[in-house]
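Top to bottom, those sequences are chains P and A.
To get the numbering used here, take the position in the first sequence, counting from 1, and add 736.
To get the numbering used here, take the position in the second sequence, counting from 1, and add 137.
The C-beta atom is built at its ideal place from N, Cα and C for all residues, glycine as well.
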Amino acid sequence: MSQTSPAPAATHHGPPTTFISKHVFSLDHKVIGKQYYALAFVAVITGMVLSWLMRIHLGWTNAAIPGLQVLSPNGAPGGVMTPEYYLQLMTMHATIMVFFVLTTAPFAAFGNYFLPIQVGAEDMPFPHFNMMSFWTTFTAFLVLIAAFFVSEGPPLAGWTAYAPLSAIGKAAGPGEGTGQVLWAASIGIFCIGQLLGALNFISTVLDMRTKGMTLSRLPVTCWAWFITSCMGLTAFAVLMPATILLILDHVAGTSFFVPSGLVINDQLIPHSGGSTLLWQHLFWFFGHPEVYIAIVPGMGIVTHVLITNMRRPMLSIKAILYSMWALAFLSYMVYGHHMFVSGMNPFSSLAFSFPTLMITIPSTVVVLIWIGSLYGSKLRINSASLFALGFISMFVSGGVSGFFLAQPSIDIMLHATYFVVGHFHMVMGVAAMFGIFAGTYFWFPKMTGHMMNETLGKVHFWLTFVGTYCIFMPFHYLGWAGNVRRYAAFSDDYMKPLVPLHQFITIAALFTGAAQLIFIYNLIHSRFKGPAAPANPWEGTSLEWIMPSPPPWNNFGGKDPVVYHDADQFGVKTASGADYIMQNSPEQALEPSGGD
Amino acid sequence: MATTIPPPQSEELPEQDRPTPGGAGNGGLGTVVPADGTMQVMQGYSPPASSSAIWVFIASICMSFAAFTSALIVRQGAAADWRHVTLPSVLFFSTLMLLTSSFTLDAARRRIAAYMNGAEKDASVPRLWLYATLGLGLLFVAGQYMAWLQLRSQGLYLATNPNSSFFYVLTAIHALHVTGGLGGLLRVIRRFGQSTLRRSTLTATSYYWHFMAVLWIYLFALLRARI
């Protein structure tokens, strides 16, 4: 790293000096990215533990889970979970996973770290807003976790918090008083954090690109983060008003979502006139773009990892980009497919079903380009590329069930069954997790200066891959068999025979969870004891690989890279003999890549 | 196996040729690589980041108020408990204050530009216009508070009926955003006083402030039509 020229006059901030400014209230996008990663890490462990508690209860309903009564004496007397507490844990599992893992890790963590680097900037344009966005998100997490410790516990209305259950307060059940208000406040605070982040991301892509980095030369990951930011900007801006109105229904006696004449638990609810469907419309207008916010960064990461490891470009990167834009655009038109059986006008179901079927087209285009590009390539097999392949597998397996759910006539049978649960866990939950793992194994050397253990990575992959299929594939069968979701126990006669399958799933879930210890060990051990990482261990072309591992505080050492190529110069013949040209190298290919 | 290609010798342009400090920008429009391989890097104008960021921010606020609007429309049709309220007359006064503040802010902007160019020697003139804007903004917020008091005196509170609920929610959320704009104006005043005010900061703040006025016109029309 050379620092021959002095830093230019208008750098945003000087080097941090104190411990607080280096590691806590840092303006450096790299530190903020790592802070988001750490937050997502804590959140995913919390969410996973909650899922184990749920799964144990589903398999062995009357079993006492030792220690659970400490967390909630009312919710789990003697360690045996009440049905209400099951729903409370389920609500928190989903909320934590969707918001604090799937939105935070692929987008906020990796995006904050690598977007400025990949466009050639020294930092984001608004580092103070960036720092505020992390601490706002962190505050939102604390407010959410606080719901576990209030007297009645967390809310039980699901992460979707449908009215009127979520809007009428304590009468609806344990946790629906303070717990639900804390939930809504947490989500509202989370929206503010994400809006600040999206602002920075969009401005970075539009205004912070270095010389030569035209939009057509941006790496696909930058496009993915940009598209996600555009979605986040519009989606979270709608969720926040919804949470404000929900809080007002709770604390101020308004009736936005509560209709007249409700009698719950022998209590006449005093609100009147509200529209329960209004909540669903507001929530799902956010909710469907949210699932694409969760998956599009993963698509970018997977594309980036595959291109680098295939040593050749995708068949058509433009088709992938246009498809991602199409996914973002269409995602606003399909949200009613969550509401086919809600009682809204059945003709609206047609209006939502059609774009839902259309949205399968860009998803399929992306997958076909991945698979077509992989065909005949000599893919380098490492942990990152394995998880990238796993992403494709999970996305397809989980996605095809969407074709069924997209049709109202079929959805009438499958709505609120485990078929839906299997669909979204595979296509969003596991696929996005695989994208996070791929990004971690790929970028860990750059972020920490140490290589991860490849053997452990491969073991982690295979155990997780097989394990998640064992967990979530049976969900589709369960759904077809009529297994209702969000039930704490399956005591009805048509569901009792399915309990042994639930027990198998629980065991698979516990094993797969245990397999993640390999990853955690690898992460921590490599951070301190892993072999030193060179600047460009994967022979990549994008700008993160021109800087030392880990990068200095000002990324490019005060000098600005100049970009001559896009990030797809792989499989080329060069004078130096390498099969790739880095983005900032003025070297030209001797002849265009003829494929291999 | 993991070899590193050393980065090429420095190709960077001399510092005075850089279009913006730090070299950041929109990638340099017109960067071309001719067929003979020689690299011609042309200077491109890179606008400051806040000029696009402020529009992004405004877009997200528009989305939020669109959500509130659709909530209002759906709620109105959901039940037969819509009870129209007469809007407090003080709203006309506060509207006038906010619209006037847009004019004073623009006057301030032109005076500051003249001061920065050297045409205007006296810094107190632009500063007075900025304070006038700040004062009118504060009067707007005070007027909104008076409107709430007037509604309260008629017995219309937040939860009395859906109309009053939406009135309070819409005006309060807008007033909250206006208060944020007041903070931005204070920042501009402070920076101007310290001679560290950037043109991009003033531009972004004034776009936001004018948007608050435009948004209020929309909300006022909505309230008059529906509430």
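Jot down the residue ranges of each uninterrupted alpha helix (DSSP H) in the region 216-254 of chain A, minimum 4 residues, whole runs only, in chain order.
-> Runs of the alpha helix (DSSP H) spanning 4 or more residues and lying entirely within the region 216-254 of chain A occur at 227-254, in chain order.
Contact set between the region 217-230 of chain A and chain P, restricted to residues whose Cβ is under 9 Å from the partner | Of all residues in the region 217-230 of chain A, Ala217, Asp218, Trp219 have a Cβ within less than 9 Å of some Cβ in chain P.
Are there three or more Cβ pairs, one per stretch, closer than 8 Å when the region 1295-1310 of chain P is compared with the region 950-960 of chain P?
-> yes
Would you check if the distance between the CB atom of aspartate 985 (chain P) and the CB atom of valine 999 (chain P) is smaller than 7 Å?
-> Walking along the first sequence from the start, residue 985 (chain P) turns up at place 249. Walking along the first sequence from the start, residue 999 (chain P) turns up at place 263. Going by C-beta atoms, aspartate 985 (chain P) is not nearer than 7 Å to valine 999 (chain P).
Check each residue of the region 191-209 of chain A: if its Cβ is closer than 7 Å to any Cβ of chain P, include it; give the result in chain order.
-> Answer set for the region 191-209 of chain A: Val193, Phe194, Ala196, Ser197, Met200, Ser201, Ala204, Phe205, Ala208.
Let me know the secondary structure DSSP gives valine 315 (chain A) once reduced to three states.
-> Taking the first residue of the second sequence as 1, we reach residue 315 (chain A) at position 178. Three-state DSSP puts valine 315 (chain A) in a helix.
Cross-chain neighbours of arginine 212 (chain A) in chain P, by beta carbon under 8 Å | Position 75 of the second sequence, counted from the first residue, corresponds to residue 212 (chain A). Residues of chain P passing the Cβ test: Phe992, Gly1009, Gly1010, Ser1011, Leu1014.
Length at least 4, wholly inside the region 811-899 of chain P: the alpha helix (DSSP H) runs in chain order | 819-831, 846-855, 863-885
Would you say serine 189 (chain A) reaches chain P, if we count a Cβ-Cβ gap shorter than 7 Å as a contact?
-> Here residue 189 (chain A) is taken as the residue at index 52 of the second sequence, counted from 1. Yes, its Cβ sits closer than 7 Å to a Cβ of chain P.
Which of helix, strand or coil does DSSP assign to lysine 947 (chain P)?
-> Within the first sequence, residue 947 (chain P) is the residue found at index 211, counting from 1. Correct three-state label for lysine 947 (chain P): coil.
Do we get a CB-CB distance below 7 Å when we pair serine 238 (chain A) with the residues of chain P?
-> Sequence index remark: in the second sequence, residue 238 (chain A) carries index 101 (1-based). Chain P has no Cβ within less than 7 Å of the Cβ of serine 238 (chain A).
Check whether the Cβ of threonine 1191 (chain P) sits closer than 6 Å to any heavy atom of the ligand NAP, and report yes or no.
-> This structure lacks the ligand NAP, and indeed carries no ligand of any kind.
Within 7 Å, strictly: CB atoms of phenylalanine 870 (chain P) and tyrosine 772 (chain P) = In the first sequence, residue 870 (chain P) corresponds to position 134, counting from 1. In the first sequence, residue 772 (chain P) corresponds to position 36, counting from 1. Going by C-beta atoms, phenylalanine 870 (chain P) is nearer than 7 Å to tyrosine 772 (chain P).
Alanine 841 (chain P): which of P:Pro861, P:Val1032, P:Lys1295 sits nearest, CA to CA?
-> Taking the first residue of the first sequence as position 1, residue 841 (chain P) is located at position 105. By alpha-carbon distance to alanine 841 (chain P), the top candidate from P:Pro861, P:Val1032, P:Lys1295 is P:Val1032.
Excluding the 5 residues preceding and the 5 following leucine 1115 (chain P) in the sequence, name in chain order all residues of the same chain whose CB lies nearer than 7 Å to its CB.
-> One-based indexing of the first sequence puts residue 1115 (chain P) at position 379. Same-chain partners within the cutoff: Asn1045, Met1046, Ser1121.
Would you kindly work out how many angstroms separate the C-alpha atoms of serine 301 (chain A) and proline 263 (chain A), rounded to a whole number?
-> Here residue 301 (chain A) corresponds to residue number 164 of the second sequence, with the count starting at 1. Here residue 263 (chain A) corresponds to residue number 126 of the second sequence, with the count starting at 1. If I take the Cα positions, the gap works out to 40 Å.
Chain P residues whose Cβ lies nearer than 7 Å to that of leucine 359 (chain A) | Here the question's residue 359 (chain A) lines up with position 222 in the second sequence. Neighbours of leucine 359 (chain A) on chain P: none; closest Cβ ~14 Å, over 7 Å.
Local Cβ density within 10 Å of methionine 1149 (chain P), reported as buried at 16 or more and exposed below that | Stepping through the first sequence from its first residue, residue 1149 (chain P) is reached at position 413. Exposed, since its Cβ has fewer than 16 Cβ neighbours within 10 Å.
Report yes or no: do the region 846-853 of chain P and the region 749-768 of chain P share at least 3 C-beta pairs separated by less than 8 Å?
-> yes
Just the C-alpha distance for glutamine 1319 (chain P) and serine 1109 (chain P), rounded to the nearest angstrom, thanks.
-> Walking along the first sequence from the start, residue 1319 (chain P) turns up at place 583. Walking along the first sequence from the start, residue 1109 (chain P) turns up at place 373. Rounded to whole angstroms, glutamine 1319 (chain P) to serine 1109 (chain P) spans 21 Å at the Cα level.
Tell me the DSSP bridge mates of tyrosine 1316 (chain P)?
-> Taking the first sequence and counting its residues from 1, the one referred to as residue 1316 (chain P) is at position 580. According to DSSP, which records beta bridges pairwise, tyrosine 1316 (chain P) is partnered with P:Phe1306.
Helix, strand or coil at glutamine 291 (chain A) [DSSP, three-state] = Here the question's residue 291 (chain A) lines up with position 154 in the second sequence. Three-state DSSP puts glutamine 291 (chain A) in coil, outside helix and strand.
Roughly how far, in whole angstroms, is the beta-carbon of histidine 221 (chain A) from the beta-carbon of isoleucine 310 (chain A), given that I think they are within contact range, below 8 Å?
-> The residue given as residue 221 (chain A) occupies position 84 in the second sequence. The residue given as residue 310 (chain A) occupies position 173 in the second sequence. No, histidine 221 (chain A) and isoleucine 310 (chain A) are not in contact; Cβ-Cβ is about 21 Å, not under 8 Å.
Alanine 251 (chain A) and leucine 267 (chain A) look like a contact to me (Cβ under 8 Å); what is the Cβ gap, rounded to whole Å?
-> As a working mapping, residue 251 (chain A) is identified with position 114 in the second sequence. As a working mapping, residue 267 (chain A) is identified with position 130 in the second sequence. Not quite, the Cβ-Cβ distance comes to about 14 Å (not below 8 Å), so this is no contact.
Are any of the Cβ atoms in chain P nearer than 7 Å to that of proline 171 (chain A)?
-> Position 34 of the second sequence holds residue 171 (chain A). Per-residue confidence for proline 171 (chain A) stands at a pLDDT of 43, beneath the threshold of 50, marking its modelled position as unreliable; the derived number appears in the next sentence. So, not an interface residue.
Work out the CA separation of leucine 209 (chain A) and alanine 260 (chain A) for me, nearest whole Å.
-> Here residue 260 (chain A) refers to the residue found at position 123 when the second sequence is read from its first residue. Here residue 209 (chain A) refers to the residue found at position 72 when the second sequence is read from its first residue. Taking the straight line joining both Cα atoms gives about 47 Å.
What residues from chain A crowd round phenylalanine 922 (chain P), counting only those whose CB sits closer than 8 Å?
-> As a working note, residue 922 (chain P) is residue 186 in the first sequence. According to the sequence displayed, residue 922 (chain P) carries serine and not phenylalanine. Result: empty, since nearest Cβ-Cβ is about 18 Å, beyond 8 Å.
Could you say which of P:Ala857, P:Leu804, P:Ala1244, P:Asn1118 lies nearest to valine 941 (chain P) if we only look at CA atoms?
-> If you number the first sequence from 1, residue 941 (chain P) lands on position 205. Valine 941 (chain P) has its Cα closest to that of P:Ala857, out of P:Ala857, P:Leu804, P:Ala1244, P:Asn1118.
Near serine 1145 (chain P), what residues of its chain come up, given a Cβ to Cβ distance below 8 Å and the 5 sequence neighbours on each side ignored?
-> As a working mapping, residue 1145 (chain P) is identified with position 409 in the first sequence. Answer for serine 1145 (chain P): no residue qualifies.
At a cut of 8 Å, does the region 1091-1102 of chain P reach the region 1007-1014 of chain P through at least three beta carbon pairs?
-> no
Pairwise C-alpha distance: proline 1098 (chain P) and isoleucine 1282 (chain P) | For the purposes of this step, residue 1282 (chain P) is taken as the residue at position 546 of the first sequence. For the purposes of this step, residue 1098 (chain P) is taken as the residue at position 362 of the first sequence. In a straight line, the C-alpha of isoleucine 1282 (chain P) is about 33 Å away from that of proline 1098 (chain P).
Is it true that the region 1122-1133 of chain P meets the region 1167-1176 of chain P, where meeting means three or more beta-carbon pairs spaced less than 8 Å apart?
-> yes
Give every residue of the same chain whose Cβ lies closer than 7 Å to the Cβ of glutamine 854 (chain P), excluding the five residues on either side of it in the sequence, and list them in chain order.
-> By one-based count along the first sequence, residue 854 (chain P) stands at place 118. Around glutamine 854 (chain P): Pro955, Thr957, Cys958, Ser1278, Leu1279, Glu1280.
Since glutamine 1003 (chain P) sits in a beta bridge, which residues does DSSP pair it with?
-> For this step, residue 1003 (chain P) is matched to residue 267 along the first sequence. Beta-bridge pairing links glutamine 1003 (chain P) to P:Ile1000.
Below-7 Å beta-carbon distance, glutamine 186 (chain A) vs any chain P residue | Along the second sequence, one-based indexing puts residue 186 (chain A) at 49. In the sequence as displayed, the identity of residue 186 (chain A) is alanine instead of glutamine. Put simply, the CB of alanine 186 (chain A) is near chain P, with a gap under 7 Å to one of its CB atoms.
For threonine 1153 (chain P), name the three-state secondary structure that DSSP assigns.
-> Position 417 of the first sequence, counted from the first residue, corresponds to residue 1153 (chain P). Reduced to three states, the DSSP call for threonine 1153 (chain P) is strand.
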